[in-house]
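Below is one structure, written out as structure tokens, with a few remarks after it.
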Amino acid sequence: MAGDMLESPTVPQLIATGFHRNTLVNQEGGTDDEQFRVEAVVDRVNTVGSAYLALTVGCAQCHQHKYDPISQRDFYRLYAIFNNCEDNNDANGMAPKINVPSEKQVAAKRQLEDAIAAVEGPLNEHDQKYKAGFEDWVIKVAESGDVKWVALDPTEWTTDKGALLNKLPEDNSLLVDFSVPANDVYNVTYDIDLSQITGIRLQTLSHTSLPSMGPGRADNGNFVLSEFLVEHGEKGSDKTSTSKIATAFADHSQEGYPVFHSIDGNKKTGWAINVKEGSPNVDREAVYIPVDPIKHENGTRLIIRMRHDHNVANYLVGRFLISVTEENPELLEIPASIKEIAKKAVDERSNAEKTQLTKAYQQADKERAPLAQKLAGLRSELDALNRSIPTTLVLKELAESRETRIQIRGDFLRPGAVVTAGVPEVLPQVERTDEAQPSRLDFANWLLSRDNPLTARVTINRFWQRFFGLGIVETENDFGTQGELPTHPELLDWLAVEFIDGDWGIKNIHRIIVTSATYRQDSSISSELLELDPQNKLLARQSRVRLEAEAVRDNCLAAAGVLSTTIGGPGVYPPQPTGIYILTQQKKAWPESQGDDRVRRAMYTYFWRSSPYPLMPTFDAPDSTAACTRRSRSNTPLQALMLANDRAFFEFSQQLAMTVLHSKLEGDSDRIKLAFQRCLSRDPSDYELSRLQQYVELQRKRYKANTEAAEAASPSMLPDGISKVEGAAWTATARVLLNLDEFITRE
1292 MAGDMLESPT
1302 VPQLIATGFH
1312 RNTLVNQEGG
1322 TDDEQFRVEA
1332 VVDRVNTVGS
1342 AYLALTVGCA
1352 QCHQHKYDPI
1362 SQRDFYRLYA
1372 IFNNCEDNND
1382 ANGMAPKINV
1392 PSEKQVAAKR
1402 QLEDAIAAVE
1412 GPLNEHDQKY
1422 KAGFEDWVIK
1432 VAESGDVKWV
1442 ALDPTEWTTD
1452 KGALLNKLPE
1462 DNSLLVDFSV
1472 PANDVYNVTY
1482 DIDLSQITGI
1492 RLQTLSHTSL
1502 PSMGPGRADN
1512 GNFVLSEFLV
1522 EHGEKGSDKT
1532 STSKIATAFA
1542 DHSQEGYPVF
1552 HSIDGNKKTG
1562 WAINVKEGSP
1572 NVDREAVYIP
1582 VDPIKHENGT
1592 RLIIRMRHDH
1602 NVANYLVGRF
1612 LISVTEENPE
1622 LLEIPASIKE
1632 IAKKAVDERS
1642 NAEKTQLTKA
1652 YQQADKERAP
1662 LAQKLAGLRS
1672 ELDALNRSIP
1682 TTLVLKELAE
1692 SRETRIQIRG
1702 DFLRPGAVVT
1712 AGVPEVLPQV
1722 ERTDEAQPSR
1732 LDFANWLLSR
1742 DNPLTARVTI
1752 NRFWQRFFGL
1762 GIVETENDFG
1772 TQGELPTHPE
1782 LLDWLAVEFI
1792 DGDWGIKNIH
1802 RIIVTSATYR
1812 QDSSISSELL
1822 ELDPQNKLLA
1832 RQSRVRLEAE
1842 AVRDNCLAAA
1852 GVLSTTIGGP
1862 GVYPPQPTGI
1872 YILTQQKKAW
1882 PESQGDDRVR
1892 RAMYTYFWRS
1902 SPYPLMPTFD
1912 APDSTAACTR
1922 RSRSNTPLQA
1932 LMLANDRAFF
1942 EFSQQLAMTV
1952 LHSKLEGDSD
1962 RIKLAFQRCL
1972 SRDPSDYELS
1982 RLQQYVELQR
1992 KRYKANTEAA
2002 EAASPSMLPD
2012 GISKVEGAAW
2022 TATARVLLNL
2032 DEFITRE
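Under my numbering, the final residue of the sequence shown carries the number 2038; numbering is consecutive throughout.
Written out as structure tokens, the structure is:
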């Protein structure tokens, strides 16, 4: 609620404020950032009203509450408490956010920063020492002759992952089509008649069809060229060999992405061209010099492979042209664009051009190269580490408070009277130490104050609802005048006081409830009791409650003996049916998890609001677009179909069959009892045992008659001596047990 406002807040306290950042955002073109910021604040007010107070305060956003003593002014007094947060709806990352590195990442970052500092010192000393020769070098470059480059006409061009390369007739450059994969490799073949090749020039060129004019395919026109590979052979021959590149030079390299990273053999590094000053959307060039000149008597067949393996999608070169030369390699170290800048008078050079000259001078310094390469490598490692550190959204208070006004009819474009922060007049008021308006921290303390009659009772009522299926107050989201009265008011009051006196310890309250005689009752019901108390409000028995969506899956995995107990870590992608994203606006990637990740608890499954994992909505999980204080429990045919036929649940049946067959038990009776114990925590009755024995035998006969079906249904890894027919028969039996009502119901 207000961890960021504590003195010296800890990282966990900051992370906790992210609860109020789970609001919807809309970053489509033409949207009003302020509109969605306002909607986020309204969402927070409604969430607090529902989750902590169980009051329908949202009804007062547009007008006076019709039933509860909550005015529209009361709503906007609560609104004012959350209206001073810094968060926004812009397209620049939805700030504020914080990095949440692991201890290992913190140590690695500190080590890299120390290593960078150790290299920067000697490098700066070297630069100061050789700075005096800069002007002489510029004159030398300006007077040097121009290199004769031969622009090549490609004869063949392909890509590994489907990007389309189109040859432009005006200069034979290749332009990448707008529909491109996230990463790709360009393979371009050239036939050349030169007697030798001493240098290869890559020109990356801008174009109107590229984002921001290019020359790359990233949104800002950048690219990351991971590797520039050269193969060559005799013209007309299919035999080629790799040409090792000795060095590379560029007219500009982005900090941390020097051009030599495109020849270092590391797919995680690369050459990029973003700038700190000026425009990045201009033509750039890099020159690659082979260790040995490329020579073939009858002409050369040259193959260029350009790899793009950046971890962010679409950082591909958008348009490029390849040229070669046979001149002395010493003349190639200075790109033509640098020579043109050197020929200009000092006062005619732009700041960006002056920077380029300085970098080119440093690049030409042979003694500087080892230190510069080491520093660039360390910075690349640090950059990769920083990108790998997860971030999380948090709340942050503005230095200067916003003015809050009532919004007439709930329309943020129609401001009304000014209001100050506070809580509904009908409730005890927030205590504060000065004349200032109550802050979020004051409000958080008020929520947990003994003077507040709602928070403890509302929370206890929700605990009770989870354990018994029905709260002491049946309308757990409405403690107002239209809500139900508590069935056991003294019990609710006593538990609330115990909760507060126990320092709001949740485990203590859970222990009190689950060890009570009331909770430990049987759920069996007589006809007389059903007539007297069909909803079990008097608690003469325990309630039968169907498991929640996540627990349904976890229960299957636990019964099969494969549930992962790993705690924490990134989300996972368990198996799901194909075609989930056909009707969504954006098709999401779903790289199906394997190994331990495949059988992790359902709470770690990625949940896309627009296309949730099918299990969740089928078993009544909420859609996560608004606060939900109680899940409904439905009983639909789709649930039965999913348990019986969904690919993931079929896998669970195979895994349970594997567990049974890998046991040392041999007879059908003992195996059935083991499966019953794993699924229902009890032995089967004589009738159940008899029916399942008949079923197992029936499945054996069925699969003996259809070995293809047995192959498809059986687990792949069977114990020695167990046939596919036997594996399929026990998979079918496991499906029966995992589909029982008793299996997904807490009795």
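We put the beta carbon where it would ideally sit given N, CA and C, even for glycine. Please read these numbers as outputs of a predicted model, since none were measured by experiment.
- By DSSP's assignment, L1456 forms a beta bridge with V1467.
- By the C-beta criterion, the region 1609-1623 is judged to be in contact with the region 1490-1509, since at least 3 inter-stretch pairs fall below 8 Å.
- Residue environment: E1672 is assigned as buried (16 or more neighbouring CB atoms within 10 Å of its CB, all protein chains considered).
- Non-local C-beta neighbours of S1544 in its own chain, meaning closer than 8 Å and more than five positions away in sequence, comprise V1550, W1562, A1563, I1564 and K1650, ordered along the chain.
- For A1918, there is no enclosing alpha helix (DSSP H), as DSSP gives it neither H nor E.
- Burial is judged here by how many other beta carbons sit within 10 angstroms of a residue's own beta carbon; M1933 has at least 16 and is buried.
- Only residues of its own chain outside the window of five on either side were considered, and among them N1337, T1338, S1341 and A1342 have a CB closer than 7 Å to the CB of A1918, listed in chain order.
- Under the 8 Å Cβ criterion, the region 1300-1317 counts as touching the region 1682-1689, having at least three qualifying pairs.
- Linking I1697 to V1329 through their CA atoms gives a straight-line distance of about 12 Å.
- Following the DSSP letters along the chain, one finds V1890 in no alpha helix (DSSP H), marked with neither H nor E.
- When the beta-carbon positions are compared, R1924 and R1844 stay at least 9 Å from each other.
- When the five nearest sequence neighbours on each side are left out, the beta carbons in the same chain lying within less than 6 Å of the beta carbon of Q1352 are those of F1366 and G1701, in order along the chain.
- Taking the Cα positions, Q1664 is about 55 Å away from T1909.
- Annotation: L1344 is outside any alpha helix (DSSP H) and is labelled neither H nor E by DSSP.
- Going by beta carbons, T1531 and E1518 fall outside the 9 Å limit.
- Put simply, the backbone Cα of G1713 is about 10 Å away from that of P1719.
- Judged by DSSP secondary structure, A1690 falls outside any beta strand (DSSP E); it is assigned neither H nor E.
- Contact annotation: the region 1985-1999 does not touch the region 1869-1877, with fewer than three C-beta pairs closer than 8 Å.
- In the DSSP assignment, I1803 falls within the alpha helix (DSSP H) that extends over I1797 to V1805.
- When the five nearest sequence neighbours on each side are left out, the beta carbons in the same chain lying within less than 6 Å of the beta carbon of M1949 are those of P2006, in order along the chain.
- With distances taken between CA atoms, R1659 lies nearest to E1411 out of H1354, A2003, M2008 and E1411.
- Looking from the CA of K1558, the closest CA among D1444, L1520, A2025 and V1573 belongs to L1520.
- In this structure the region 1754-1768 does not touch the region 1734-1746; the number of beta carbon pairs closer than 8 Å is below three.
- Annotation for E2038: S1814 and R1835 place their beta carbon closer than 7 Å to its own, counting only its chain and skipping 5 residues before and after.
- Take the alpha-carbon of P1387 and the one of G1547: they are about 26 Å apart.
- Boundaries of the beta strand (DSSP E) around Q1494: G1490 to T1495.
- Residues L2028, L2031, E2033 and F2034 of the same chain have their beta carbon placed closer than 8 Å to that of L1971, with the five preceding and five following residues left out of the count.
- When secondary structure is reduced to three states using DSSP, M1949 falls in the helix class.
- Counting only runs of 3+ residues, the beta strand (DSSP E) found wholly inside the region 1350-1390 occupies 1388-1390, in chain order.
- For E1822, the enclosing alpha helix (DSSP H) begins and ends at S1818 to L1823.
- Under the three-state reduction of DSSP output, M1292 falls in the coil class, being neither helix nor strand.
- For E1999, the closest C-alpha among the options S2014, Q1985 and P2010 is that of S2014.
- Within a 10 Å sphere around the beta-carbon of L1593 sit 16 or more other beta-carbons, which makes this residue buried.
- For D1733, there is no enclosing beta strand (DSSP E); the residue is part of the alpha helix (DSSP H) that begins and ends at R1731 to L1738.
- For the pair of segments examined, the region 1788-1803 was found not to touch the region 1816-1824: the number of CB pairs separated by less than 8 Å stays below three.
- Around F1943, the same chain offers C1847, L1848, A1851 and L2029 as residues with beta carbons nearer than 7 Å, after the five sequence neighbours per side are excluded.
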